[in-house]
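A.B. asks: Structure incoming, see below.
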Amino acid sequence: MTNDTSTGTVSAPKPAALEEKLEEQAFKLSAWMANQGIFIFTAALILFAAVFIDGFVSLPNITDVFNRAAPIGIVAAGMTFVVISGNYLDLSVVAQVATAGVVLIAVSNETSIPVAMLVAVVIALAYGLVNGVAVGVFKANAVIVTLSTTFIGLGLLRWATGGSIYFGPSDGAIRAFGATRIGPLPLAMILFVVVTLILSFVLTRTTFGFMVRSFGSNREATRLSGVSTPWVVIGAFTVTSLAAMLGGFVLAAFSNTAVSAMSDGYDFRALAAIIVGGTSVFGGRGSVLRTLLGVVFVSVLTNIMVLSGLGFGIQQMAIGLLIVLAVSVDALARKATGA
Amino acid sequence: MQMRRSRLVGLFAAGAMVLVACGGAADDGAVDSADAEGDTTDADGGGATDGEEFDVFALLPQGNDQPYGTTYLPPMEAKAAELGINLTITNSQYDADTQASDCEVAVASRPDLIILWPAVGDTIRPCLSAADAAGIPVTITNSDVNPEDKDLTEAFSGPDTYGQGAASAEIMCDLAGGDEIGIIMVNGLTGNSTAINRESGFEETIEAECPNVTILARQPGDWNKDDSQIAASEMITAVGAENIDGAYAADDTMVAGVIDAFIARDMDPADLYITSIGNTFLGNPLVSDGSLDGTVFQSSSWDGENAVVLAHEVLTGQAVEDLFMPSVKVTADNADDPDVAPEW
Amino acid sequence: MTDTQTQPQHAETDDARSDLISRVRTILGRRTEGRAVALLSVVVVITAITEPIVFTSYEVTLGRIALIGLVALGLTAVILMGELDLAVASTLAVSGVIMASFESITIGILAALGTGLLIGVVNAFFVIVVGINSFIATLGMLFFLRGAAFVISGEAPVRLANVDAGIAFGRPLIGPLSPRMLIFIAAFVMLHIFLTRVRAGREFYAVGGNREAAHDAGIPVTRRVFTGFMISGFVASLAGVINTLERTAADPTAGSAVLLASFAAAIIGGVLLNGGRGSVFGTLLGASSLGLLQVALTLSGVQVDVQNIVIGSVLLLAVITDPSSLRAAAGSMRALVRSRSGP
Chain A
11 MTNDTSTGTV SAPKPAALEE KLEEQAFKLS AWMANQGIFI FTAALILFAA VFIDGFVSLP
71 NITDVFNRAA PIGIVAAGMT FVVISGNYLD LSVVAQVATA GVVLIAVSNE TSIPVAMLVA
131 VVIALAYGLV NGVAVGVFKA NAVIVTLSTT FIGLGLLRWA TGGSIYFGPS DGAIRAFGAT
191 RIGPLPLAMI LFVVVTLILS FVLTRTTFGF MVRSFGSNRE ATRLSGVSTP WVVIGAFTVT
251 SLAAMLGGFV LAAFSNTAVS AMSDGYDFRA LAAIIVGGTS VFGGRGSVLR TLLGVVFVSV
311 LTNIMVLSGL GFGIQQMAIG LLIVLAVSVD ALARKATGA
Chain B
39 MQMRRSRLVG LFAAGAMVLV ACGGAADDGA VDSADAEGDT TDADGGGATD GEEFDVFALL
99 PQGNDQPYGT TYLPPMEAKA AELGINLTIT NSQYDADTQA SDCEVAVASR PDLIILWPAV
159 GDTIRPCLSA ADAAGIPVTI TNSDVNPEDK DLTEAFSGPD TYGQGAASAE IMCDLAGGDE
219 IGIIMVNGLT GNSTAINRES GFEETIEAEC PNVTILARQP GDWNKDDSQI AASEMITAVG
279 AENIDGAYAA DDTMVAGVID AFIARDMDPA DLYITSIGNT FLGNPLVSDG SLDGTVFQSS
339 SWDGENAVVL AHEVLTGQAV EDLFMPSVKV TADNADDPDV APEW
Chain C
106 MTDTQTQPQH AETDDARSDL ISRVRTILGR RTEGRAVALL SVVVVITAIT EPIVFTSYEV
166 TLGRIALIGL VALGLTAVIL MGELDLAVAS TLAVSGVIMA SFESITIGIL AALGTGLLIG
226 VVNAFFVIVV GINSFIATLG MLFFLRGAAF VISGEAPVRL ANVDAGIAFG RPLIGPLSPR
286 MLIFIAAFVM LHIFLTRVRA GREFYAVGGN REAAHDAGIP VTRRVFTGFM ISGFVASLAG
346 VINTLERTAA DPTAGSAVLL ASFAAAIIGG VLLNGGRGSV FGTLLGASSL GLLQVALTLS
406 GVQVDVQNIV IGSVLLLAVI TDPSSLRAAA GSMRALVRSR SGP
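Chains as they are written, first to last, in the working numbering: chain A, 11 to 349; chain B, 39 to 382; chain C, 106 to 448.
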């Protein structure tokens, strides 16, 4: 019965709920530690690479790291909103990134870039609305809702376009955007940082951001305080969708091509970056800036492994270990402070 | 056992309907009953009568979800319609277990023939023996089976994926012309059969015919331009731009990424030896403008069409041999020829 | 607030009516398989009309159900405790590869199943001892084990040393039933008995419903969670072993469709992701609906893109038409209206 009256998707396991009162004091310390943790990890990794890996500290290589980081980073920054709102993740970013990329190139080839972007925005809003309504209004489980919208979305994209590769004119504006650099920084990377800063501002300084965070840490209290929770959830999913769309633009612009399989694995890769950054998958705790750090960390690690000639299997194993390690450190630190 | 009985009942029903139809209206009855009882047409030629209509299952690992499959399907379907073949197409998305299950479905529905494009070459023997036990002939398209499984298949049509890697390597050997050169290698999706075959085809040919070409580094590019571009750029950093004289990528999409990576490093692709496979809409212009030295034409329409042609030859009892797509090497000399016009 | 003032006279009848409705809802609410039964009935009726061969060659359909259902059964044990195991697909792949690496099939099978159990222990260790959320721990394992499968296999399929044994394994054993289906049925029966008749199994529900209360009631929560993850790991590796035998080779990329399909099967079957509610019977129904749907769509020759649209829509409809979802939606609508009229 109690299960029925509370909302259907409360995700925090019971021990965490018990700790909630300690959370207030523990939060600052653990947040500090987790922040320092990922910061120290990243710094140590970069230092290690700079000393031992030939060519790591070179302009082109730093550009590569940023090129790796930008599209997935923008997606992850947006998905942070869904995670912090306590809804696990948005699996449908896979479909959204691919759709945005294909729409940008295919539609702009037929008409113009603004029209293509407009179409993509409409699609992104539709994704945000469908996911958000199903999760926020119907209180359906976010994993299954976004799983089904992934199926539907990718199915529709492939039904409409087949699996064809679309590529833009080699002297077009999309190509120019993808190739432009300011100093060592690809334009995409600057966009990633700007998006992160904007989203970070939204999450920390606006009422909407406050509602997302408080909804994630205690949704029942948020509901009782009179906040209209469906709108918070719809908002969080819409932010994610818009970011996924931008990520799709950046990915398509970087290679000037788009194909429906271009974003395979973006769902769990984005989540991995968010978690490595130290955002809690229980919701409530975390920040967009941490996601930035997490994305940079994973990109640097992958870069190091490719530079060292390690195979794909080892790369996957290292990323898996890293996720568990990063979170273990955080959990053990919290245990130590909580006890 | 119950199954067999029900199929028997179905057959009787079909026979009865044919009789009734023949008694009533002479001509169109046969067509009607063939349509209505499509499920019961049996492997041993029961359905293949006057109109020569055949039911064929095509078990493919890709379709409208990949660039190649998207342009493979329409010619296949068109040819099937022309030859009176009723195609049922499945797509396992390169999942061996899904394809095995698709195969069970296909065998159970008793088509006249199965066209198989193995998702994972090593895993299809059980499917072949199940079809064999049911008396359903199997032809292979696109990627041939292992030699030891060959006796369970009628014939193969398609490109020789190993041979494509080898052909690309031969272009590379010609380009190197005996000089000691170093290249970087970008492969397809890790674990994918085509990726594995092309990689070994290229590597083994290099080792055999021009050991003066050294593969300095290799990474997967996942058939994607962007992944390949970053991986190539990182490999350039790892081995040093001055040591690199060229590159090989397992398809044209990825080689386009490699070329962009070179350009971003101020290395002129025209001065480098670069080869690939595909001759696609993306790759062909790169050959024409000199940045890509050579690629190997893979025609998706040839592949799709001949899968059905071969199946039809088997069904009509003609003696058949393997149909190999010619591995035409496309270089600056012939890139603008109409017979190597890109298709996908 | 303003709403209640405008209609005080209806309050009593409303109360009586909502009391009756809520009682019916409670009765319905006790069973968790309602949605799966509804979905399965719809799928059965439609396929019976359009593709009757789905039933005449039922062993094929059963094979497909066993393919997606087996992993889902093991997963159910974990989900019932409010935990998740995202690593099942990678566990399947890595245990298949390990099995095929051994010359002897027996040793290979034992090694693979042992690997599955070990993976379960490691998952549970991170969740219980280290105290990290199972979603994250198993996400890490998802990457790690997939990478391990590639490293062990040398990034290519590994063929069994004894191909004929594998082919023999795929043949029907009893009537039209192949060993895969018999194992699937046995796994279902055993898990069903374990979770409904055995005390340790019944305690899974308590652990998932309210972990603190379960702990206070003297239930060894730690041991139960370990058991749950070991069941899930074991069943996933069992599926890996069966797949490897039936295909005569282990593919390091295997299981790509398994993870999401098994989650879908469990959730359609009414297993609550937060734990405490659900049944393996529900999971079986969920897997059956998905399996039937897939076979019917395959037979009708519908391309994968359209298949995905259909399956995705069915899933979405299934989750939002859940009674609790509809109730939540009604509540949300009221909240929306109120918040609109408020200011």
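Just so you know, even glycine gets a beta-carbon here, dropped at the ideal spot from N, CA and C.
Ends of the alpha helix (DSSP H) at B/F194?
C.D. replies: Looking at the DSSP string, B/F194 is not in any alpha helix (DSSP H); the run it does join, the beta strand (DSSP E), is A193 to G196.
A.B. asks: Determine the burial state of B/P197: buried for a count of at least 16 other Cβ atoms within 10 Å of its Cβ, exposed for fewer.
C.D. replies: B/P197 should be labelled buried.
A.B. asks: Leaving out five residues before and five after C/V326 in sequence, what residues of the same chain have Cβ atoms less than 7 Å from its Cβ?
C.D. replies: Closer than 7 Å at the Cβ level, and outside the excluded window around C/V326, lie V312, R316, A319 and H320.
A.B. asks: So with CB distances below 9 Å, who are the chain B contacts of A/T159?
C.D. replies: What A/T159 touches in chain B: nothing, since even the nearest Cβ is about 17 Å away.
A.B. asks: Could you give the C-beta distance for C/G174 and C/A370, rounded to a whole number, given that I count them as a contact under 8 Å?
C.D. replies: The pair is a contact, with the Cβ atoms about 6 Å apart (cut-off 8 Å).
A.B. asks: Taking A/S273 as the reference, which of A/G146, A/A116 and A/V112 has the closest Cα?
C.D. replies: The shortest Cα separation from A/S273 among A/G146, A/A116 and A/V112 belongs to A/V112.
A.B. asks: Among A/I329, A/V67, A/V117 and A/L195, which residue has its Cα nearest to the Cα of A/L281?
C.D. replies: Nearest option by C-alpha distance: A/I329.
A.B. asks: Across which residues does DSSP place B/F92 in a beta bridge pair?
C.D. replies: Its beta-bridge partners are B/I123.
A.B. asks: List the endpoints of the continuous beta strand (DSSP E) containing B/L151.
C.D. replies: B/L151 -> beta strand (DSSP E) spans L151 to L154.
A.B. asks: Name, please, each residue of chain B whose Cβ falls closer than 8 Å to the Cβ of A/R351.
C.D. replies: Outside the displayed span of chain A (11 to 349) sits residue 351 of chain A, for which this structure offers no information.
A.B. asks: Which word fits C/A344, buried or exposed, when buried means at least 16 other C-beta atoms lie within 10 angstroms of its C-beta?
C.D. replies: Answer is buried; the Cβ neighbour count reaches 16.
A.B. asks: How many Å lie between A/L207 and C/L398 at the Cα?
C.D. replies: Computed Cα separation, rounded: 46 Å.
A.B. asks: Could you tell me which of B/A279, B/V358 and B/S337 sits nearest to B/W382, measuring between CA atoms?
C.D. replies: Out of B/A279, B/V358 and B/S337, B/S337 has the C-alpha closest to the C-alpha of B/W382.
A.B. asks: Would you please verify whether the beta carbon of C/V411 is less than 9 Å from any beta carbon of chain A?
C.D. replies: It does: the Cβ of C/V411 has a partner Cβ on chain A nearer than 9 Å.
A.B. asks: Would DSSP call B/V224 helix, strand or coil?
C.D. replies: Strand, per DSSP.
A.B. asks: Taking a Cβ distance cut-off of 7 Å, strictly less, list which residues of the stretch 137-149 of chain B are near chain C, in chain order.
C.D. replies: Listed in sequence order: A138, S139, D140, E142, V143, A146 and S147.
A.B. asks: By alpha-carbon positions, which one of A/S224, A/F247 and A/A86 ends up nearest to A/L135?
C.D. replies: That would be A/F247, whose Cα lies nearest to the Cα of A/L135.
A.B. asks: For B/A68 and A/P124, I'd like the C-alpha separation in whole angstroms.
C.D. replies: Reliability of the predicted coordinates at B/A68 is poor, the pLDDT of 35 falling under 50, and no value is obtained from them.
A.B. asks: Compare the Cα-Cα distances from A/D370 to each of A/A126, A/V67 and A/G138 and report the closest residue.
C.D. replies: This structure gives no information on residue 370 of chain A, because the portion of chain A shown stretches from 11 to 349.
A.B. asks: Are the Cβ atoms of C/S367 and C/A141 separated by less than 9 Å?
C.D. replies: Not a contact, by the Cβ cut-off of 9 Å.
A.B. asks: For C/G275, which residues in chain B fall below 9 Å Cβ to Cβ?
C.D. replies: Per Cβ cutoff of 9 Å: A138, P164, S167 and A168.
A.B. asks: Quick check: is the beta carbon of C/T358 nearer than 9 Å to any beta carbon in chain B?
C.D. replies: Cβ-Cβ to chain B under 9 Å: yes for C/T358.
A.B. asks: Is it buried or exposed, B/A279, if we count other Cβ atoms within 10 angstroms and call 16 or more buried?
C.D. replies: Exposed, by the Cβ-count rule.
A.B. asks: Using only the alpha-carbon positions, how far apart do C/V176 and B/A172 sit?
C.D. replies: About 30 Å.
A.B. asks: Spatial neighbours of B/D360 within its chain, please: C-beta separation below 6 Å, excluding the five flanking residues on both sides.
C.D. replies: Closer than 6 Å at Cβ, skipping near neighbours: A193 and F194.
A.B. asks: May I ask which residues mark the beginning and end of the alpha helix (DSSP H) holding C/R304?
C.D. replies: Unbroken alpha helix (DSSP H) run through C/R304: R304 to G314.
A.B. asks: Checking contacts by CB at 9 Å: is C/I241 closer than that to chain D?
C.D. replies: Here chain D cannot be found, since the structure's protein chains are A, B and C.
A.B. asks: State the CB to CB distance for the pair A/T289 and A/G146, rounded to an integer number of angstroms; the pair is presumed to be in contact (CB under 8 Å).
C.D. replies: With a Cβ gap of about 20 Å, A/T289 and A/G146 do not count as contacting.
A.B. asks: In three-state DSSP terms, what is A/Y98?
C.D. replies: A/Y98: coil per DSSP, three-state reduction.
A.B. asks: Quick check on B/D375: buried or exposed, where buried means 16 or more other Cβ atoms within 10 Å of its Cβ?
C.D. replies: So B/D375 counts as exposed.
A.B. asks: Just the chain B side, please: which residues come within less than 8 Å of A/A271 by C-beta, in chain order?
C.D. replies: The contacting residues are D103, Q104, W261 and N262.
A.B. asks: Touch check for the stretch 131-143 of chain B and the stretch 209-219 of chain B: three-plus C-beta pairs under 8 Å?
C.D. replies: Touching, no, given that fewer than three Cβ pairs across the two stretches are closer than 8 Å.
A.B. asks: Using the Cα positions of B/V94 and B/P113, report the straight-line distance between them to the nearest angstrom.
C.D. replies: Near 16 Å, if we compare the C-alpha coordinates of B/P113 and B/V94.
A.B. asks: For a contact defined as C-beta to C-beta under 7 Å, what are the partners of A/L342 on chain C?
C.D. replies: The contacting residues are V235.
A.B. asks: Give the residues of chain B in contact with A/V205, contact being defined as C-beta atoms less than 8 Å apart.
C.D. replies: What A/V205 touches in chain B: nothing, since even the nearest Cβ is about 18 Å away.
A.B. asks: Give the DSSP-derived three-state secondary structure of B/K188 in the structure shown.
C.D. replies: It is helical.
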